[in-house]
Structure formats: structure tokens, C-alpha cells
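According to the working numbering, the sequence shown is numbered sequentially starting from 1012.
Structure record follows, encoded as C-alpha cells.
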Amino acid sequence: NHKPYTPEAVCNNALKQEREQLDEQIKEIEASLAKLSHITEINTRINVLAENKRVLAQEIASLERVAFQIDAYEKAHIELVESRVNAKFAIVKWKMFDEQINGGLAPTCDATVNGTPYNDLNTAMKINAGLDVINALNYHFGMFAPVFIDQRESIVTIQPTDCQIISLVVNDKFKELTVIK
1012 NHKPYTPEAV
1022 CNNALKQERE
1032 QLDEQIKEIE
1042 ASLAKLSHIT
1052 EINTRINVLA
1062 ENKRVLAQEI
1072 ASLERVAFQI
1082 DAYEKAHIEL
1092 VESRVNAKFA
1102 IVKWKMFDEQ
1112 INGGLAPTCD
1122 ATVNGTPYND
1132 LNTAMKINAG
1142 LDVINALNYH
1152 FGMFAPVFID
1162 QRESIVTIQP
1172 TDCQIISLVV
1182 NDKFKELTVI
1192 K
């Protein structure tokens, strides 16, 4: 059952082998084209993302400018509020906000006299600061109530006020409560 080799059979085998080689080359070229197509898609995506990055960078810069303007407005507003409040007082100055490490502002309400916090003042200055606050509230509300000053003996000069002042003084000469007019 052996067929003898004929020139046609040899020619067919050669053509089949050449065809197989050509099919293999076509597959390799198609694989290269698929890679090239994928590379083109990736490059297109890279270009789109680069454009998005540029647009987002512009938006970020714009928002940062707005944030800076808001911070500047907030600081100016705070300074205005502090100056308006402090204009109502003769010796007490109020610190309404503390600047934080990150540059933000935290609300506070600290009374000072000549830059010294209220808690660090001596007794006489604390009483005079209190009288200054009382004066501001009296003029704001239009009401003037009598003011009791305890430990009056420790104060040389009293902050002027339109209120009646009742001074409570320790004096060894008096053994009973005595009212002096």
C-alpha cells in the first residue's frame, strides 16, 4: 500500500510545508499587530490621563487661590471683630482667636491687660479689669448698678466708673461692721 513518490506528491508536500511556514509567519505578524494595537491604545490612554492631570492641576490651583482668599477674609474679619470689641474697653483687650500650628484659627476669648493674661494679673489689676468690663456692659445696656469691691485695701487707683462703688475694706480698728459715708 505504498504509493510511489511522484513529482506531484513531492511538489504537494513542499507546497504544504511552505503554506505552514507562511501560516506561522502570518500568526507572528498578527501577534505583533495585536501588540502594536495594544500599545497604541495604551498611548492614547496615557495622553487622555495627561490631559486630565493638567486640567485637575488647574482646578487645584484655582481652589487653592480661593482657599487663600477665604483665609485672608477670615483673618481680616477676625481682626475687625477684635478691634470693634476692644474699642469698647479702656484697659482690657480681648484675644478672640488663637493661631494654630497649621495656620488655622481657633476661637478663644482671653482677656488681657497690657498683654498680660487676666489670670496672671495681681489683685488690683484684676479688680480694675473687672470694672472696665462692668463699664462696657453698663454703657452697652444703659444700666448702672452698684458695684461691690472686696479687698479694696489692696487697690491704690480705681478704674473710673459711673456706678456707685461700695468698698469692702479690712480695718483692724473696727471690730463690728461699720458704714462710712
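All C-beta atoms, glycine included, are put in the ideal place defined by N, C-alpha and C.
Annotation for M1136: the continuous alpha helix (DSSP H) segment containing it runs 1134-1152.
Burial state of A1025 is exposed, judged by a 10 Å Cβ sphere holding fewer than 16 other Cβ atoms. Of the candidates E1093, I1071, A1098, V1144, the residue whose Cα lies closest to the Cα of T1119 is E1093. Of the candidates K1099, D1121, A1101, D1121 places its Cα closest to the Cα of F1108.
Rounded to the nearest angstrom, the gap between the Cα atoms of N1149 and Q1170 is 14 Å.
The shortest CA-to-CA distance from D1082 to any of L1067, N1113, I1053, V1103 is the one to N1113. Shortest Cα-Cα distance from T1123 to any of F1100, Q1111, A1117, G1115 involves F1100.
The alpha-carbon separation between P1128 and C1174 amounts to approximately 25 Å. For L1179, there is no enclosing beta strand (DSSP E), as DSSP marks it with neither H nor E. Inclusion of I1145 and T1172 in the CB contact set at 8 Å is warranted, their separation being smaller than that value. E1110 has L1116 as its beta-bridge partners, per DSSP. In the three-state reduction of the DSSP assignment, K1104 falls in the strand class.
Counting only runs of 4 or more residues that sit fully inside the region 1049-1104, no alpha helix (DSSP H) segment turns up. Per DSSP, I1160 is one residue of the beta strand (DSSP E) stretching across 1158-1160. Distance from the CA of L1033 to the CA of L1060, rounded to the nearest whole angstrom, comes to 40 Å.
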